[in-house]
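Chemist:
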Amino acid sequence: MTSHSKHLRSLTLMGVALLGAATLSACTAEQDSAGNTETSSQPAVDSSRLDAIKKANQLKVCTTGDYRPFTYLDPESGEWSGIDIDMAQDLAEELGVEVEFVQTSWKNLMPDFLEECDMAVGGVSISLERAEQAYFSDATLDEGKTPITLCENVEKYDTVKEINQPGVRSITPIGGTNEKFADEHYPEGEIIRFEDNNAIFDEIIAGRADVMTTDASETRWVAHEKPELCAVHPDKPFNFSQKAYMLPRGDETFRQYVNQWLNMSKNDGTLKQAEKPWFG
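Reading the sequence shown from the start, the letters are residues -28 to -1, 1 to 252 in mature numbering (1 follows the signal peptide of the UniProt record, and there is no 0).
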């Protein structure tokens, strides 16, 4: 993206922030003039997370660091990488603040987000359960759950019925939508719950598990990195899901800002540039 395009994007985002603040201010004034003393379900203008981030000069982002291609924390160098890591850094740059990544786990993603972070990223799937406690940005990716297994076993595990059989060992990380899918769809099979999502696919290669059902995007990346493994019909997943960024519930100003930034990033090449090292 050229410096001119970057400047125009920054001006547009500034306008979105001001418009969101003005809209909330007008709504508050209308309620006051009508004598309505009920507490608004939306935060007051000066309580928007957007303003708090600017004031603190810091965007705090919760992420697991174990879900490539979206988020990865190198245990040796301590460096973060991934599509959503790059995107969070770009958002912080647009806000003119520093970014701090807060490592969490899938099991503790929601409580850590609610207590410590301004947003959560890293291949987070939209779910109604999560939506009870948080807002979501516009979707960043449409996909669904699909199996990955040894290439010689693709035809053995290409349906839910085939995987949901006694003796079939499905491995899943603890917490998150993969574990929920396995519990709901494979009650007759054996479910192996595994702590380390970075090493989970090696369990299949080593013969300690038969199959894992996860997001199609992850199966594509893993199959590219580990030639022993093959993604099973990633273009026709078992279900439909979307990924997005998790945001504070009730904060329309911040959500409007993030959505406008995301829309511009999808159309000016920023998102494609973040995806290129992983998907080509």
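Yeah, the Cβ is synthetic: ideal placement off N, Cα and C, and Gly gets one too. In this text the structure is predicted, and so the values were computed from the model without any measurement.
Assuming G95 contacts D58 under a Cβ cut-off of 8 Å, what Cβ separation, rounded to an integer in Å, is found between them?
Modeler: If you number the sequence shown from 1, residue 95 lands on position 123. If you number the sequence shown from 1, residue 58 lands on position 86. Between D58 and G95 the Cβ distance is about 13 Å, and since that is not below 8 Å, they are no contact.
Chemist: Rounded to whole angstroms, how far is the Cβ of T121 from the Cβ of L22, which I believe are closer than 8 Å?
Modeler: Walking along the sequence shown from the start, residue 121 turns up at place 149. Walking along the sequence shown from the start, residue 22 turns up at place 50. About 44 Å separates the two Cβ atoms, so there is no contact after all.
Chemist: Closest to D38 by C-alpha separation, out of K248, V194 and F226, would be which residue?
Modeler: Along the sequence shown, one-based indexing puts residue 38 at 66. Ranking K248, V194 and F226 by Cα distance to D38 puts V194 first.
Chemist: Pull up the distance between the alpha-carbon of E167 and that of P145, whole angstroms please.
Modeler: Here residue 167 refers to the residue found at position 195 of the sequence shown. Here residue 145 refers to the residue found at position 173 of the sequence shown. Near 6 Å, if we compare the C-alpha coordinates of P145 and E167.
Chemist: Quick one: is G179 buried, meaning 16 or more other Cβ sit within 10 Å of its Cβ, or exposed?
Modeler: Residue mapping note: residue 179 aligns to position 207 of the sequence shown, counting from 1. Label assigned to G179: exposed.
Chemist: If you draw a straight line from the alpha carbon of A246 to that of G54, how long is it in whole angstroms?
Modeler: Taking the first residue of the sequence shown as position 1, residue 246 is located at position 274. Taking the first residue of the sequence shown as position 1, residue 54 is located at position 82. If I take the Cα positions, the gap works out to 8 Å.
Chemist: Let me know the secondary structure DSSP gives Y39 once reduced to three states.
Modeler: The residue you call residue 39 lines up with position 67 of the sequence shown. If DSSP states are grouped into helix, strand and coil, Y39 belongs with the strands.
Chemist: Measuring CB to CB, does V183 end up less than 7 Å from S142?
Modeler: For the purposes of this step, residue 183 is taken as the residue at position 211 of the sequence shown. For the purposes of this step, residue 142 is taken as the residue at position 170 of the sequence shown. It is a contact, given that the beta carbons lie within the stated cut-off.
Chemist: Quick one: using the 10 Å Cβ neighbour count with 16 as the cut-off for buried, is P83 buried or exposed?
Modeler: The count along the sequence shown starts at 1 and reaches residue 83 at position 111. The residue is exposed, with fewer than 16 neighbouring Cβ atoms inside 10 Å.
Chemist: Is the CB-CB distance between P209 and K117 below 7 Å?
Modeler: Reading the sequence shown from its first residue, position 237 is the one you call residue 209. Reading the sequence shown from its first residue, position 145 is the one you call residue 117. Cβ atoms of P209 and K117: closer than 7 Å.
Chemist: Output the residue ranges of the alpha helix (DSSP H) runs that lie fully inside the region 18 to 84 and measure 4 residues or longer, sorted by chain position.
Modeler: Whole alpha helix (DSSP H) segments, 4+ residues: 21 to 28 and 55 to 67.
Chemist: Under a three-way DSSP split, which group does I143 fall into?
Modeler: Here residue 143 corresponds to residue number 171 of the sequence shown, with the count starting at 1. Strand at I143.
Chemist: Look at the Cβ atom of T112, then the Cβ atom of K32, and state whether they are nearer than 7 Å.
Modeler: By one-based count along the sequence shown, residue 112 stands at place 140. By one-based count along the sequence shown, residue 32 stands at place 60. Their beta carbons are not under 7 Å apart, which means T112 does not touch K32 by this criterion.
Chemist: Under 6 Å: does the beta carbon of E65 sit that close to some heavy atom of the ligand NAP?
Modeler: Although the ligand NAP was asked about, the structure shown includes no ligands whatsoever.
Chemist: Do A92 and C34 have their beta-carbon atoms positioned less than 7 Å apart in this structure?
Modeler: Along the sequence shown, read from residue 1 onward, the residue named residue 34 stands at position 62. Along the sequence shown, read from residue 1 onward, the residue named residue 92 stands at position 120. Cβ atoms of C34 and A92: closer than 7 Å.
Chemist: What residues in its chain sit with their C-beta under 8 Å from that of E160, if we drop five residues either side in the sequence?
Modeler: To locate residue 160, count along the sequence shown from 1; it is residue 188. If we look at E160 and ignore the five residues flanking it on each side, its Cβ neighbours are N136, Q137 and P138.
Chemist: Could you tell me which of E51, F108 and P119 sits nearest to T191, measuring between CA atoms?
Modeler: By 1-based counting over the sequence shown, the position of residue 191 is 219. Here the closest residue by C-alpha is P119.
Chemist: According to the Cβ coordinates, are P47 and W250 closer than 7 Å?
Modeler: Sequence index remark: in the sequence shown, residue 47 carries index 75 (1-based). Sequence index remark: in the sequence shown, residue 250 carries index 278 (1-based). Contact flag unset, no.
Chemist: Return the residue from the list N239, V230, G241 and G222 that minimises the CA-CA distance to D110.
Modeler: As a first step, residue 110 must be located in the sequence shown, where it is residue number 138. Of the listed residues, the one whose Cα sits closest to D110 is V230.
Chemist: Residues in its own chain within less than 6 Å of E162 by CB, not counting five upstream and five downstream?
Modeler: Position 190 of the sequence shown holds residue 162. Hits under 6 Å: R141.
Chemist: Return helix, strand or coil for T(-1), following the three-state DSSP convention.
Modeler: Numbered from 1 along the sequence shown, position 28 holds the residue referred to as residue -1. Because the pLDDT of T(-1) is 45, which lies under 50, any placement of that residue in the model is unreliable, and the question is left without a value.
Chemist: What is the rounded straight-line gap between the Cα of V74 and the Cα of G148?
Modeler: Residue numbering aside, residue 74 sits at position 102 when the sequence shown is read from its first letter. Residue numbering aside, residue 148 sits at position 176 when the sequence shown is read from its first letter. Approximately 17 Å, taken between the alpha carbons.
Chemist: Hey, D130 and H205 are a contact pair by Cβ (cut 8 Å); roughly how many whole angstroms apart?
Modeler: As a first step, residue 130 must be located in the sequence shown, where it is residue number 158. As a first step, residue 205 must be located in the sequence shown, where it is residue number 233. Contact holds; Cβ gap of about 6 Å.
Chemist: Assuming E72 and W233 form a contact by the criterion Cβ under 8 Å, report the distance between their Cβ atoms to the nearest whole angstrom.
Modeler: Taking the first residue of the sequence shown as position 1, residue 72 is located at position 100. Taking the first residue of the sequence shown as position 1, residue 233 is located at position 261. Contact flag wrong, Cβ pair sits at about 18 Å.
Chemist: Is R221 helix, strand or coil when you go by DSSP?
Modeler: In the sequence shown, the residue the question calls residue 221 occupies position 249. Three-state result, R221: coil.
Chemist: Considering A106, what are the terminal residues of the beta strand (DSSP E) in which it resides?
Modeler: What you label residue 106 is simply residue 134 of the sequence shown in a count that begins at 1. Segment A106 to F108, the beta strand (DSSP E) holding A106.
Chemist: Can you give the Cα-Cα distance for G50 and K133, rounded to whole angstroms?
Modeler: Walking along the sequence shown from the start, residue 50 turns up at place 78. Walking along the sequence shown from the start, residue 133 turns up at place 161. Each residue's alpha carbon lies about 41 Å from the other.
Chemist: Counting only the same chain and skipping the five closest in sequence on each side, list residues whose C-beta sits under 6 Å from that of I164.
Modeler: By 1-based counting over the sequence shown, the position of residue 164 is 192. Excluding sequence neighbours, I164 sits near R141, I143 and A181.
Chemist: I'd like the ranges of any beta strand (DSSP E) spanning at least 3 consecutive residues and lying wholly in the region 117 to 194.
Modeler: Runs of the beta strand (DSSP E) inside the region 117 to 194: 117 to 122, 141 to 145, 162 to 166 and 183 to 187.
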